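What follows is a short report on a single structure.
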Amino acid sequence: MACFEVCKKIREMGGEKEGKKIKEEEEEFTIDGTIDLRGRPAIRQRSGRWGAGILLLVNQGLATLAFFGVGVNLVLFLTRVIGQDNAEAANNVSKWTGTVYIFSLVGAFLSDSYWGRYKTCAIFQVIFVIGLVLLSLSSYLFLVKPSGCGDGQTSCGPHSPYYIAFFYLSIYMVALGNGGYQPNIATFGSDQFDEGDSRESHSKVAFFSYFYLALNLGSLFSNTILGYFEDEGMWALGFWVSSGSAFVALVLFLAGTPRYRHFTPSGNPLSRFSQVAVAAVKKWRVEMPVGKEDLYEVDGKDCAIKGGRKMLHTQGFKFLDKAAYITSKDISLQDKEGLHSPWRLCTVTQVEEVKCILRLLPIWLCTIIYSVVFTQMASLFVEQGAAMNTSFAGFRIPPASMSSFDILSVAAFIFIYRRILDPFVGKLRKTGGKGLTELQRMGVGLIIAIMAMISAGIVECYRLKYAQGECLNCEGSSSMSILWQIPQYAFIGASEVFMYVGQLEFFNDQTPDGLKSFGSALCMCSISLGNYVSSLLVSIVVKISKKDNMPGWIPGNLNRGHLDRFYFLLAVLTTVDFVLYMICSKWYKSIKLEGKGQDMDNEDEEDEDNDENDNFSV
0 MACFEVCKKI REMGGEKEGK KIKEEEEEFT IDGTIDLRGR PAIRQRSGRW
50 GAGILLLVNQ GLATLAFFGV GVNLVLFLTR VIGQDNAEAA NNVSKWTGTV
100 YIFSLVGAFL SDSYWGRYKT CAIFQVIFVI GLVLLSLSSY LFLVKPSGCG
150 DGQTSCGPHS PYYIAFFYLS IYMVALGNGG YQPNIATFGS DQFDEGDSRE
200 SHSKVAFFSY FYLALNLGSL FSNTILGYFE DEGMWALGFW VSSGSAFVAL
250 VLFLAGTPRY RHFTPSGNPL SRFSQVAVAA VKKWRVEMPV GKEDLYEVDG
300 KDCAIKGGRK MLHTQGFKFL DKAAYITSKD ISLQDKEGLH SPWRLCTVTQ
350 VEEVKCILRL LPIWLCTIIY SVVFTQMASL FVEQGAAMNT SFAGFRIPPA
400 SMSSFDILSV AAFIFIYRRI LDPFVGKLRK TGGKGLTELQ RMGVGLIIAI
450 MAMISAGIVE CYRLKYAQGE CLNCEGSSSM SILWQIPQYA FIGASEVFMY
500 VGQLEFFNDQ TPDGLKSFGS ALCMCSISLG NYVSSLLVSI VVKISKKDNM
550 PGWIPGNLNR GHLDRFYFLL AVLTTVDFVL YMICSKWYKS IKLEGKGQDM
600 DNEDEEDEDN DENDNFSV
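Everything in the sequence shown is counted per numbering that gives the first Met the number 0, starting at 0 for the first residue and increasing by one.
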C-alpha cells in the first residue's frame, strides 16, 4: 500500500514536471529582445504577430481616412472658402503637407530616445483628434458662411483675421498630430514581428506592403465619399467625419495595449553622434595601422546603444574610425573600473551608427525629387482636373476624387508585385524567392514617375487645345473629359508601390536598432522636402514665366498658361535625379549587424565591393 502511494506521488511529480515543460515550450520568448508593457520579455504566443499587426493596420486606415479628409481637398477649401488664388493655395498646401512630415522627425526623436513607440503614438494621436475637432468647429461656426458656400458656385463671405488664425492653428495641430504619429506607427507595427524567427521575419517584410495598402484604402473613402460632400459645400460635415474616424482609430489603438510588443528606447542619439565627432577630432593627427584589432568595443552582449545589437566594422569614412582607435593615452586615462570617457574613445558600434546614417543620406536626397512629382497629385493635378469637363453619365466627378485611381493603382500593383512580379524575378535570378531589392525597386519607381509627368504634360496639351481662352470661372472650361487624367494617377500609384514601400523597407532595414523610427521619419521627410521644393519651384516658375507681361505657366486662369511645360520640366528633373540615384546606389554599402552580418564578414573580411543584391543595377 505504501509502495502504491509512493509510485503515485512519483507519477504526479513527473506529470507536474512534464506540464511545466509543456508550459515553458508554449511560453517561448521572442528572440529580438522585445518586451511587454510591464518590461518583461515578450512571450511569442501571447503578443505581437498578426493579432496586433491587423489592429494597427485598421488604426492606420482610419487615421489616414481622417487625415486625407482634410488634406485631399485643402487646396479647394483655400480657393473657394478662404478666397486664395491657385498659386497661393498650391503653395500653402505644399507648405502644410511639408510641415506634417517635418513633425515626423519630432515624433521619431521622442520615440527612439525617451518615450518609446507606443507612448509616442498615443500622445500624438490625441493631438491629432483635438486638431480635427477644432478644425470642424472653426469651419462650422465661422468659415463656411453662408451655409453651403464653397461649392464652386456660391462664394463665402469675408473672414475675420481671428477666424483665419484659428483655422491655421487647427490645421497645424492636425499636422503635428499626424506627423508625430505616422513614422512611429509603421515601425511599431513591424516591431510586432520577431526578426529572429524565420516565419515572423517574412511577415515583417509583408507588413510594410499591407501598411501602405491600408494607408491608401483609408484615403479611398476620403477621396470619393468625403471628397464629394466637401466639393458640394458640406465642408463641416466632411471634417466632422474625419474627427470621428480619428477618434475610433485612437480607441482601437488603445484597445490593443495588452498585446503589443515593445523595444526599449535607446537614449538620445545626438549625444552619441556628438561623442563620435569630438573623439575623432581629438585624434585627427593619430596615424592608424592597417586592420581593426585596435578598435574599441565593449565585451560580451552589452552594447553602446541601449537595447540594440552591436554593429560590425566596415570600410569607408576612415576618419571616424579614429574615434574607436585605442591609443596609449586612452589606456592611461581609463578609470579604476577600466571605463573610458565616451568623448575620447567610442565603441565600433557608435562609429558605425554614424557611418550608417552618412551612407543613407545620398540615397535619401535622391528621393526628394520623386516627392516633388508625388505632391502634384494633391495640388496641380486637382487644379488641372477642375478646369476639365467633370461630367460623366450625368454625374459630376469632384476633381480631388480622381486620386482614387491612384489608390486603386496602388492596391493593384501591391498584389501584382508581391504575388506575380517578385516571385517571377526571384526565380529568374535564383535568389531564393526574393526578386528586386529595395534599392532596385526605388529606381523603378523613379522611372515610372517620369512616365507620370510625361502623361500629365500630354493631357494638359490636349486640354488647352479644347479649352476656352477666357473664362470668369474656369472650372469645367475645357470640353476634354477629366477621365483622361486616369493614366497619370495610375502611373503615380504604380510608382508609389516601388518607391515608397521600397523606401519604408529599406530605411527600416538599414538603420541601426536605436534609430528605427528615424528611418521611417526619413521617408516622410523626403515627402516633406518634396513639398517645400515643389512650393519653391512653383514660385520660381511663376516669377520667371511672368516676365514681359506674360500670364506665366501657372496663372489663375490655367487656359492662359502652360502647365504642360511645368510637367515636362519635372520629367527632365526626375530623369537627372534617376542618373544620380544610380550612382549613389552603386556606392552604397549595407549595414552589418552582429549575428546578421557575421557570415558575410567571414567570406570577405573587409567587403570592399558592394553586394550586387544591395545595389540598383539593370
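Every residue gets a Cβ at the ideal spot worked out from N, C-alpha and C, and that includes glycine. Predicted model, so just to flag it, every value in this text is computed and none were measured.
{"query": "Which runs of the alpha helix (DSSP H) at least 4 residues long sit entirely within the segment 237-297? Give them in chain order.", "result": "268-281"}
{"query": "Out of curiosity, what's the CA-to-CA distance linking Gly50 and Tyr259?", "result": "9 angstroms"}
{"query": "Considering only DSSP beta bridges, list what Pro40 is partnered with.", "result": "Ile34"}
{"query": "Ordered along the chain, which non-local residues of its own chain (more than five positions away) have a Cβ less than 6 angstroms from that of Gly255?", "result": "Ala51 and Leu54"}
{"query": "Identify, in the order they occur along the chain, each residue of the same chain with its Cβ nearer than 8 angstroms to the Cβ of Leu503, setting aside the five sequence neighbours on each side.", "result": "Ala185, Phe207, Phe210, Tyr211, Ser519 and Cys522"}
{"query": "Going by DSSP in three states, Ala466 sits in which element: helix, strand or coil?", "result": "strand"}
{"query": "Are there 16 or more other CB atoms within 10 angstroms of the CB of Phe423, so buried, or fewer, so exposed?", "result": "exposed"}
{"query": "Indicate the three-state DSSP secondary structure (helix, strand or coil) for Leu592 in the structure shown.", "result": "strand"}
{"query": "Skipping 5 residues on each side, what residues in its chain have a beta carbon closer than 7 angstroms to that of Gln274?", "result": "Pro341, Trp342, Cys345 and Gln349"}
{"query": "Once you ignore the five residues that flank Asn222 on each side, which residues in its own chain have a CB closer than 6 angstroms to its CB?", "result": "Val71, Ser400, Ser402 and Ser403"}
{"query": "Among the residues of its own chain, which have a CB less than 8 angstroms from the CB of Glu24, if the five just before and after it don't count?", "result": "Low per-residue confidence applies at Glu24: pLDDT is 44, beneath 50, and the placement is therefore not dependable enough to give any value."}
{"query": "Just how far apart, CA to CA, sit Phe412 and Leu214?", "result": "14 angstroms"}
{"query": "Taking 8 angstroms as the threshold (C-beta atoms), are Leu438 and Phe373 in contact?", "result": "no"}
{"query": "Along the chain, where does the alpha helix (DSSP H) containing Asn556 start, and where does it finish?", "result": "Taken as a continuous stretch (DSSP letters only), Asn556 belongs to no alpha helix (DSSP H), as it is neither H nor E."}
{"query": "What is the DSSP secondary structure of Arg358, counted as helix, strand or coil?", "result": "helix"}
{"query": "Going by CA-CA distance only, name the one from Ala41, Thr33, Lys144 and Gly97 that's closest to Gly82.", "result": "Lys144"}
{"query": "Take the Cβ of Lys542 as the centre, count every other Cβ of all protein chains shown within 10 Å, and call the residue buried at 16 or more, exposed below.", "result": "exposed"}
{"query": "Give me, in chain order, the residues of the same chain whose beta-carbon lies closer than 7 angstroms to that of Phe272; leave out the 5 immediate sequence neighbours on both sides.", "result": "Val353"}
{"query": "Do you know offhand how far Ser370's Cα is from Cys148's?", "result": "33 angstroms"}
{"query": "If we ignore side chains and look at the alpha-carbon of each, how far apart do Ile21 and Lys94 end up?", "result": "Confidence at Ile21 is low in this model, with a pLDDT of 45, below 50, so its placement is unreliable and no value can be given for it."}
{"query": "Under the three-state reduction of DSSP, which class applies to Arg343: helix, strand or coil?", "result": "coil"}
{"query": "Can the beta-carbon of Pro550 be found less than 8 angstroms from the beta-carbon of Ile481?", "result": "no"}
{"query": "Does the Cβ-Cβ distance between Asn183 and Thr98 come in under 8 angstroms?", "result": "no"}
{"query": "From Met287 to Lys588, what distance separates their C-alpha atoms?", "result": "22 angstroms"}
{"query": "Which of the three DSSP states is assigned to Asn530 in this structure?", "result": "helix"}
{"query": "Going by DSSP, name the residue or residues bridged to Tyr461.", "result": "Tyr461 is not bridged to any residue."}
{"query": "How many Å lie between Gly596 and Gln314 at the Cα?", "result": "With a pLDDT of 43 at Gly596, under the threshold of 50, the modelled position of that residue is not reliable, and the figure given next carries that caveat. Answer to the nearest angstrom: the Cα atoms are 14 angstroms apart."}
{"query": "When the Cα atoms are used, what is the spatial distance from Ala235 to Met581?", "result": "47 angstroms"}
{"query": "Shortest alpha-carbon distance to Gln124 belongs to which of Asp230, Gln152, Thr29 and Gly243?", "result": "Gly243"}
{"query": "Would a C-beta distance cut-off of 8 angstroms place Lys321 and Trp283 closer than the cut-off?", "result": "yes"}
{"query": "Trp586: which of Pro361, Val289, Ala164 and Ile457 sits nearest, CA to CA?", "result": "Pro361"}
{"query": "Where does Phe412 sit, in a helix, a strand or coil, going by DSSP?", "result": "helix"}
{"query": "According to DSSP, simplified to helix, strand and coil, what is Asn177?", "result": "helix"}
{"query": "Under three-state DSSP, which class holds Phe192?", "result": "coil"}
{"query": "By Cβ distance, which residues of its chain are closer than 6 angstroms to Asp31, with the 5 residues on each side in sequence left out?", "result": "Asp193, Glu194 and Gly195"}
{"query": "How is the alpha helix (DSSP H) around Arg428 delimited, first residue to last?", "result": "Asp421 to Arg428"}
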